[in-house]
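Below is one structure, written out as structure tokens, with a few remarks after it.
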Amino acid sequence: MTHKPRYLSLIGVVVVAAVFGYAINNSLPTASAPPAFLIQSFEKSAGVGSYQQRFINHKADNFIHSPSVAELNGGDLLAVWFEGSREGAADVQIMQSRFVAAENRWTEPTVLINRESTARGVGRYIRKLGNPVAARDANGKVFVFFVSVSVGGWAGSAINWIASTDDAKTWSAPKRLITTPFFNISTLVRNPPVLHENGVIGLPVYHEFLGKFPEYLLISDAGRVIDKIRMNRGTESLQPSIAPIDSDTAMAVLRYAGDGLPRALGQITSNRGAQWPKPQALAIANPNSSLASVATGLVEWPLLVVANDTEDDRYRLRMYVTDASMSQWKMIYAPDASPNEDGKLYNIEADPDYIKNLMSTVSASAMDDAALVVKNRVCRDGKSCELQYEYPTLIRVSNGHYHLVYAWNDMLIKHVVFDQAWLEKQIAQP
Amino acid sequence: MIEVISEVYMRIRGIIDEPAIMTILWVLASLIAWTTKVRLVSPQEKHFLLWLIGISGLVLYPATLGLSMWDPYRYGYDPVGLLAVYGCIALWTAVRGYWASLCMLLAATLAFAFQLKTSINYWDYLLDPMLVIYSWLALLRLGYGRAYSGRSPEVRARVR
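From first to last, the protein sequence lines are chains A and B.
Counting from 978, one number per residue, gives the positions in the first sequence under the numbering used here.
Counting from 3, one number per residue, gives the positions in the second sequence under the numbering used here.
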């Protein structure tokens, strides 16, 4: 026993009571369950049954991946993706393009974030950049969350963010989200956040260090993590895509990263994301690839999902709708698919202009140079083509239209827009 | 020169992120002891601190890295319970006269109350992996030393 004057201990006890009492008093206001999901309202018109597609970028020289899209004012959109010489390269940058609704076109892509600007903003060395995610909160503030790595591979990832209060014209300096106590590493983001009441943002993220499992971050409008909810544990579930169905319920689809039967995973929360039951294997296959989902507002088919529904590769991207229990699934359309149903390399010897013709069905302007680059990179010996359509992001905007973006052969970003009438027509088909 | 220092700082921060307040104070106390030979932490108190940090880390890290669905890191966002636990420990250090430990806990808690770090999670003010790993290694060394010194000369000779 250390012998000290008793009055010193008494002073110590009083100081402890004061400091801890102050801290407890200050921490009380944050103590709450997740607020209700904000359910977006849409214009009443279901549209005229339109389905359009276009490319966002028109040069196919770089590796591009993980596109994301968010609604801006006046029907404009913001698309972000990462682009560089290859995935994980030091020259990878986060690119942006704006869809100008009045002109019905995407602007020329520009650099939004690079390693240097991130390092300056967060005060840490940055080795590489990864997935970006764009979103707009209820007050019109636009966020871009993005992955960076300072040490090692993707397991060493952290999430950063920038924000814009002037509709994505100017941006704040990058800031860091603190998501884990272990060197703040191994949290990645891929799919758009969902909005809660009181300005709280729910960001689906995933952990990829000792395990592979999804988590749900609650973030204040000031960009600080205020709660973190584990959606699963283990080594086989990644990249949750969450769609609120009503103020309490949300459905999530997840990428399957295990060694078992390759099936997409699903889970449904009924208490605003506070708890998530163990993910269940769904009826659609998943070749360890990212999925996208959004609520349809339909009672019978409340969730629309875009996914690679194959077991071993990403040569086909299809749209499905599912019921409220995620037990019934209906395939309604394939935005892109290799002509070879079995996923084997597609031989274009009989149709050497296949790539060029395929691109001309998407783009109004000639993309001959890009088509040649795509062909050279995708087709071995100029004939056996390995087609890949992956990493979809799907949102629904104020006018009720759905916007889908995805990586088109890891060289271009394809943007697909369709309305509710088109969706319902597809669902009605036998 | 400034650029080099800045680069080194950014690289170190890229690896260790933001150290916990307790880590900063522990390093400070060690530096003071090293440079002035003034010991701020008695061996007895050091054992207490190692056990406190070691056990805290054992509660926090395995579970938060995915060992279970239970994630103790979450308690740091809504830390009334956690503050009550560490408040009791702080009271005990005051009664016991472990002033360095008391100062560390008070500083970490005050820094949390004023949200001086990027994180608003109380755990991030108390612990970081460097401090916890150091504590585990120090406890292992202590345990080994005790076990080794408690052996008979014959056993010690055999181990040797």
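For every residue, glycine included, the Cβ atom is placed at its ideal position computed from N, Cα and C.
In this text, all values refer to a predicted model and were calculated from it rather than measured experimentally.
Under 8 Å between C-beta atoms of residue i and residue j
i           : j           : result
Ala-1220(A) : Pro-1239(A) : no
Tyr-1383(A) : Leu-1281(A) : no
Val-1126(A) : Gly-1107(A) : yes
Ile-34(B)   : Leu-129(B)  : no
Met-132(B)  : Thr-25(B)   : yes
Leu-1268(A) : Arg-1291(A) : no
Ile-1325(A) : Pro-1169(A) : no
Ser-137(B)  : Leu-67(B)   : no
His-1173(A) : Pro-1012(A) : yes
Glu-1192(A) : Ile-1206(A) : yes
Leu-93(B)   : Val-993(A)  : yes
Glu-1363(A) : Leu-1389(A) : no
Leu-1400(A) : Thr-1273(A) : yes
Ile-1139(A) : Trp-1131(A) : no
Gln-1073(A) : Lys-1391(A) : no
Gly-1176(A) : Ala-1078(A) : no
Ile-23(B)   : Tyr-88(B)   : no
Asn-1265(A) : Ala-1301(A) : no
Residue i versus residue j - alpha carbon distance
i           : j           : result
Lys-1021(A) : Val-1394(A) : 17 Å
Ala-1047(A) : Trp-1058(A) : 12 Å
Pro-21(B)   : Ile-1178(A) : 27 Å
Ser-1340(A) : Ser-1197(A) : 40 Å
Met-106(B)  : Asn-1091(A) : 38 Å
Asp-1396(A) : Leu-62(B)   : 48 Å
Ala-1229(A) : Ala-1111(A) : 18 Å
Ile-18(B)   : Pro-1279(A) : 44 Å
Gly-16(B)   : Ala-1241(A) : 35 Å
Glu-47(B)   : Val-82(B)   : 26 Å
Gly-1377(A) : Phe-1040(A) : 32 Å
Ser-44(B)   : Trp-28(B)   : 13 Å
Ala-1008(A) : Ser-1224(A) : Its pLDDT being 44, under 50, Ala-1008(A) is placed unreliably in this model, and the value from its coordinates should be taken loosely. Computed Cα separation, rounded: 20 Å.
Arg-1210(A) : Phe-1190(A) : 5 Å
Leu-1049(A) : Glu-1318(A) : 38 Å
Leu-1194(A) : Ser-1062(A) : 31 Å
Arg-1097(A) : Thr-1164(A) : 21 Å
Arg-1075(A) : Trp-1083(A) : 5 Å
Lys-1105(A) : Val-1088(A) : 15 Å
Phe-1160(A) : Val-1182(A) : 17 Å
Residue i versus the options, residue with shortest Cα-Cα distance
i           : options                                               : result
Ala-1227(A) : Ala-1234(A), Pro-1217(A), Asp-1236(A) and Asn-1376(A) : Pro-1217(A)
Leu-1045(A) : Ala-1398(A), Ser-1270(A) and Thr-1299(A)              : Before going further, note that residue 1045(A) is Ser rather than Leu in the sequence given. If we check each option's Cα against that of Ser-1045(A), Ser-1270(A) comes out closest.
Arg-13(B)   : Val-996(A), Arg-1063(A), Asp-1053(A) and Gly-1100(A)  : Gly-1100(A)
Lys-1036(A) : Arg-1104(A), Ala-1272(A), Gln-1365(A) and Asp-1345(A) : Asp-1345(A)
Phe-1186(A) : Ile-57(B), Lys-48(B) and Pro-64(B)                    : Pro-64(B)
Pro-1369(A) : Asp-1387(A), Ala-1145(A), Val-1355(A) and Gly-1359(A) : Asp-1387(A)
Lys-1307(A) : Glu-1080(A), Ser-1342(A), Ala-1284(A) and Thr-1087(A) : Ala-1284(A)
Cys-90(B)   : Ser-151(B), Ile-4(B), Thr-111(B) and Ser-70(B)        : Thr-111(B)
Asp-1236(A) : Ser-1224(A), Ala-1251(A) and Asp-1289(A)              : Asp-1289(A)
Ala-1258(A) : Arg-1249(A), Glu-1213(A) and Asn-1248(A)              : Glu-1213(A)
Thr-95(B)   : Ile-1001(A), Val-990(A), Asn-1161(A) and Val-1124(A)  : Val-990(A)
Val-1069(A) : Ser-1043(A), Glu-1080(A) and Gly-1026(A)              : Ser-1043(A)
Ile-1016(A) : Ile-1222(A), Arg-1357(A), Leu-1180(A) and Gly-1320(A) : Ile-1222(A)
Arg-1357(A) : Ala-1398(A), Pro-1329(A), Gln-1403(A) and Tyr-1366(A) : Pro-1329(A)
Phe-1019(A) : Ala-1405(A), Trp-1385(A) and Val-1374(A)              : Val-1374(A)
Glu-1080(A) : Gly-1051(A), Ile-1404(A) and Ala-1067(A)              : Gly-1051(A)
Gly-1250(A) : Thr-1287(A), Val-1171(A), Glu-1064(A) and Gly-1024(A) : Val-1171(A)
Ser-1004(A) : Ala-113(B), His-49(B), Gly-59(B) and Val-97(B)        : Ala-113(B)
Those residues which DSSP pairs with residue i across a bridge
i           : result
Ile-1041(A) : Glu-1060(A)
Trp-1148(A) : BP columns for Trp-1148(A) are empty, so no partner.
Phe-1076(A) : Leu-1054(A) and Trp-1083(A)
Thr-1246(A) : Ala-1227(A)
Ile-1261(A) : For Ile-1261(A), which the question treats as bridged, DSSP gives no partner whatsoever.
Ser-1361(A) : Asn-1324(A) and Arg-1357(A)
Arg-1214(A) : One detail in the question is off: residue 1214(A) reads as Ser in this sequence, not Arg. DSSP output for Ser-1214(A) lists Tyr-1233(A) as bridge partner(s).
Tyr-1183(A) : Leu-1165(A) and Pro-1191(A)
Asp-1(B)    : This structure cannot speak to residue 1(B), because chain B is shown only from 3 to 162.
Met-1296(A) : Val-1283(A) and Tyr-1310(A)
Trp-1385(A) : Tyr-1366(A) and Leu-1389(A)
Asn-1137(A) : Phe-1123(A) and Arg-1153(A)
Tyr-1028(A) : Phe-1395(A)
Glu-1048(A) : Leu-1054(A)
Heavy atom of the ligand PLP within 7 Å of residue i beta-carbon
i           : result
Pro-1109(A) : In the structure on display, the ligand PLP does not appear, and there are no ligands present to speak of.
- Query: Is it true that the stretch 112 to 126 of chain B meets the stretch 3 to 16 of chain B, where meeting means three or more beta-carbon pairs spaced less than 8 Å apart?
  - Reply: no
- Message: Measuring CB atoms only, is the stretch 1312 to 1324 of chain A touching the stretch 1284 to 1302 of chain A, in the sense that at least three cross pairs come out at less than 8 Å?
- Response: yes
- Query: Do the stretch 72 to 84 of chain B and the stretch 980 to 992 of chain A make contact, defined as three or more Cβ pairs closer than 8 Å?
  - Reply: no
- Task: Tell me, please, whether the stretch 1153 to 1162 of chain A touches the stretch 1132 to 1144 of chain A by the rule of three or more beta-carbon pairs shorter than 8 Å.
- Result: yes
- Message: Three or more C-beta pairs under 8 Å: does that hold for the stretch 1342 to 1360 of chain A against the stretch 1024 to 1042 of chain A?
- Response: yes
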